[in-house]
Every structure is written in structure tokens, then in C-alpha cells.
Amino acid sequence: MTRIIKYVFYDILRTRFIIFYTAFLLVCTFAFFQLDGDFGKVVLSLMNVVLMAVPLVCVVFSTIHFFNSYEFIELMLAQPVNRRVIFLSEYIAVASSLCLAYVVGVGFPFIIYGAWQPVSTLLITGIFLTLVFVSLAFFSSVLTRDKAKAIGIALLFWFYFSLIYDGILLWVIYTFSDYPLEKLTVTLIAFNPVDLARIIMLLQLDIAALMGYTGAFYKDFFGSSLGIVFSISLLMLWVLWPVIFSMRIFSKKDL
Amino acid sequence: MILIDKISKNFGSLSALNEVSLELKGGKSYALIGPNGSGKTTLIKSILGLVVPTSGNIQFEGKSIFNDWKYREKIGYMPQIGRYPENMRVGQLFEMMKHIRKDKIKTDEELMDAFKLYKIFDKRMHALSGGTRQKVSASLAFLFHAPVLILDEPTAGLDPVSVEILKEKIIREKRMGKLLIITSHILNDLDEIATEAVYLFEGRVQYDKSIAALKGETGESKLNRAIATLIRQRELLESVTDVEP
């Protein structure tokens, strides 16, 4: 397996996309540090970039990469190599290179400015978001043979979780604002990895107090150690189910 | 060695293979013949596990190939259209294949030398012509001393000198007792290489006997004439059965 991962890695590095992505994150982070000296505010501004940009980059890059390495996959499948090994190698190589780019791009400036404490949550949630959206991108890649269709499905995932879902959530909260909705919103949030990541980050920043009663309830639930375990395991679930499903499909796919 | 038991494959409503049953024995060389779209490549891809049949079973040395992958180390495969990572150099491709099959220490580089592939080792795959690509595919298929060789249109697109080199190599491998499965439309080439003829038509096996028997039945001395006669006879038979219910 490590042999195949090595070749996929090599292929990813050659496209230079990962280097541009790292540079983009570095520029962003440094720019926010220039704008504001307060680490909390830097993290908050970065959070908004991370929540939108990271999933988008992940879905687009992963889908394009999967289809560009179709020839490699075909070649490997005629060799004595297990299909699952090929699929997992592709996944691990893509996910780890995107995670590495993220950690370097966001983490490095914080080390320079000597603020390790506030950035750790940002890094962990960012890594989880990367993994979740790479999984979803692989899932959409095995669903169809058509590259354009696969990118479309992957973008739809991004669009849905970043924009549409929040719209629906807001609508529900607004329409039923006369009822106690705390438990319902917590449940609904569990179905969206982006919202989960956002709440984990917000609670670390101590600005939950600004969100009134709902914020207090979130703090009470997600702030407790049980809540953290709950949200992390939910994110894990979001990473795992697309991978497991797509591996099933891939092991029975015609090439 | 390879036992194909009633496999069918449908692509949507199109039926590419229809209850194909074949027994491929070691030491023989099979010519898969049939018009375009008769299911030859699908059959080959099913043996390799690249295509999963809708129904039926395939056994390699007595073991089912489904959910197995180890058996592929005994197969050398030359695809009809070789698709390779386009940015890779030819040398890197060979190195990668050797690296991935590390267990095979001794490689057979006879064809690589005969085709003088070392001259183009620093060329990238996308810069290669169709014929050169075929040479790369052929060299890769023979690289690991596989006891089963599956060659899909091996001579298509090659220049006459290279065709002869490849044919000699195939004949040498055949003498070593390997199982060969070859598809081609150039029947004269097959005449020298193959001993058995399998004729596929619309996803069904229409004929499966030795080439000598085929020539005897049709009274022709050349394979291409024999096949043409066979097809004509079948068509005649069909038109007769069409009239009489």
C-alpha cells in the first residue's frame, strides 16, 4: 500500500496545486495578522474563510484528481493489487496532502506570532472539514463515470452544507421561534459537518455569550466534555460513511 | 486453467456477453475472433476482474476470481488501448511497475531491448505515438514471466518489423507452455500463433474447436478463408432455420 501511496503523492506534488493552496492559506493568515493584533479576532476571521474555502478547495481538487488518475487506477487494477488498497491509497494520499497544506498554511503564521493556544481548535476542526469533504468528493467520483457530473455532485454537497442547510435551519428557527427549539437545533446541527465545525470553534472563542440564551445552551451542551466527544465522533462519522460507501461501490465498479 | 461458467454481462439494456462458457487450458493458445462489439474485450476484462459479470462464475486454477486479486500476478495483460499516467516518463513507468511488483525479482526485458525502448525512456507518455504506446504495452505484458498472457489486438498499429518481433516473442512464449489468449482482426497473424479458435458473435460463443479442426471442416488451408467459410455456412443455416419453424 505504501508503494502506491508514494506514487499518488508524487503525482499530486507535480501538479503544484497543493503548493498554491498552501500559499493562499499563508497569505490569508498573515493578512489577518496584519489587520488585527488580537489573536481571537484573527481566529474568528480565519474561521469564516476556513468554513467556506477549505471545503470548496477539497471537493474540487479531490474530484479532479480522482478523474485525472483514472489511467493510473486502470493500470493498477490489471496488476495483482487489491481494489480496496488502490482506493484507500488514493484517499489517504489526497487527504493527507490537503491536511498538510492546511496545517502548514494556517499553523505556521501562528507559530511565528507565538500563539499556539487559540489556533489548535482551528487546526483540528479544519483537518476534520478537509477529511469530510475529501470523503464526499470521492463518494461523488465513484457514483458516475462522467467527470463533469461528479464535480457537479461534489459542488452540490458543498453548496448544500455551506449555504442551503443554514438557510433551512434559519427558516425553521424563525418560523417556530415561539417554541423551545434548543434540542431540535442541536439535532439538526449534527446533520451538517460545517455547522458542527463552526460551533466547536465559536465555543472555544468565548463569544457564545453574545448569542444569548441559545448560545448559553450550546455552551452548556457542546462545551462539556461529553459534548466535545459527541461532536468529534459525529465528525468522524461524517468522514467514515462516504469512504465506506464509496469503497463498496468502487470494488464492484466496471473499468 | 481458466474456467468460465455461463457468464453474462449487461451494460444497461445492452447485453455484451450472453451465458458464455469456456474452458481455457494451460499450454494452448486461443484466438478470440469475432466482429466489432461481439464481446471479446468484455470477456477479457471479465477474466482480469476489470469488469464484474452480471451473472455466472469464473475460476482461475480452481478458485473463483471474485473478491480475489492475487491470481493476477499470473497474468500478463496487453490492453487494446493502453492508458497510462500521461505525465509519467516511459522509464518511470517501467520502474513503477517493477517497484509495485517487487516480489518478482527477475524480469523479462527481451521485448524492451528488441523494441529499443531504452532510447525513449525520458519521453513522457503523452508524447508517444500510438505504435510506440503499443510497444510499451507489449513490453509490460511480458515483463513478469506470467504463465498466462492475454493480448488484446497485439499487432494493431505496429510497423511490420515490430509485428515480426512481437510474433516471434509470442511463439517463443507459446513453446514454453504458456496459456495465450489473443484477439485480433488480422487473421493471418493468428494463423501462426494460435492453435484454438473461439468465435464470438453478439455475446455468444458460436464456435470453440482447434484451428486444425476448423480448417478440416471447412476444407480451407488458411485461417481467414476458413473463418469466412464458417460464417457463410452459419448464415446459410440460419436462413434455412428461419424459413422452417
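Just so you know, the protein sequences line up as chains A and B, in that order. Residues in the first sequence are numbered consecutively from 1, following the numbering used here. Residues in the second sequence are numbered consecutively from 1001, following the numbering used here. All C-beta atoms in this analysis are idealised placements derived from N, C-alpha and C, irrespective of residue type, glycine included. The structure displayed is predicted, hence computed values, not measured ones.
Against B/Asn1087, the close residues of chain A are Asp11, Arg14, in the order they occur along the chain (beta-carbon pairs closer than 8 Å). Taking the C-beta atoms as reference points, A/Phe108 is found no nearer than 7 Å to A/Cys58. Beta-bridge analysis with DSSP links B/Met1078 to B/Leu1151. Straight through space, the alpha carbons of B/Asp1122 and A/Asp11 are spaced by roughly 17 Å.
Shown here, B/Glu1023 sits in a strand according to DSSP, grouped into three states. In the three-state reduction of the DSSP assignment, A/Glu90 falls in the helix class. A Cβ-Cβ separation of about 20 Å leaves A/Met236 out of contact with A/Arg84 under the 8 Å criterion. Within chain A, the residues placing a beta-carbon under 7 Å from that of B/Val1052 are Lys252, Asp254, ordered along the chain.
The C-beta separation of B/Val1020 from B/Val1205 comes to about 6 Å, placing the pair in contact by the 8 Å criterion.
In chain order, Ala1146, Pro1147, Val1148 place their CB closer than 6 Å to the CB of B/Lys1074, counting only its own chain and leaving out the 5 sequence neighbours on each side. B/Thr1042 sits close to B/Ala1016, with the two beta carbons spaced by under 7 Å.
With a threshold of 7 Å between beta carbons, B/Leu1048 makes contact with chain A. Chain-ordered, the chain B residues with CB closer than 8 Å to the CB of A/Asn82 read Trp1069. Under DSSP, the beta-bridge partners assigned to B/Asn1010 are B/Ser1015.
Listed in chain order, the non-local C-beta contacts of B/Phe1115 below 6 Å within the same chain comprise Lys1135, local neighbours out to five positions each way being set aside.
Taking 7 Å as the cut-off, the Cβ atoms of A/Ala137 and A/Phe9 do not count as close. For A/Arg145, no CB of chain B lies under 7 Å from its own CB, so it is not counted at the interface with that chain. Within the stretch 133–205 of chain A, the complete alpha helix (DSSP H) segments at least 4 residues long are 147–159, 165–175, 182–190, 193–204, listed from N- to C-terminus. Annotated as distal: B/Ala1031 and B/Ala1141, with beta-carbon spacing of 7 Å or more. Residues are counted here when their Cβ sits less than 8 Å from a Cβ of chain A; for the stretch 1087–1101 of chain B these are Asn1087, Met1096, Met1097, His1099, Ile1100, Arg1101, given in chain order.
Under a criterion of Cβ atoms nearer than 7 Å, the residues of chain B adjacent to A/Phe72 are, in order, Pro1085.
Judged by their CB atoms, B/Ile1186 and B/Leu1151 are not nearer to each other than the 7 Å cut-off.
With its beta carbon less than 7 Å from one in chain A, B/Glu1073 belongs to the interface. The continuous beta strand (DSSP E) containing B/Asn1057 extends over residues 1055–1060.
Here B/His1126 is exposed. Its C-beta has fewer than 16 other C-beta atoms within 10 Å. With respect to chain A, the C-beta atom of B/Tyr1077 has a partner C-beta closer than 7 Å. In this structure, the straight-line span from the alpha carbon of A/Leu226 to that of A/Ile153 is close to 34 Å.
Under the three-state reduction of DSSP, A/Asp220 is assigned to helix.
For B/Ile1065, the three-state secondary structure derived from DSSP is coil.
The CB of A/Ile4 comes closer than 8 Å to the CB of Ile1100 in chain B, given here in chain order. By the CB criterion at 7 Å, B/Gly1026 and B/Met1001 fall inside the cutoff.
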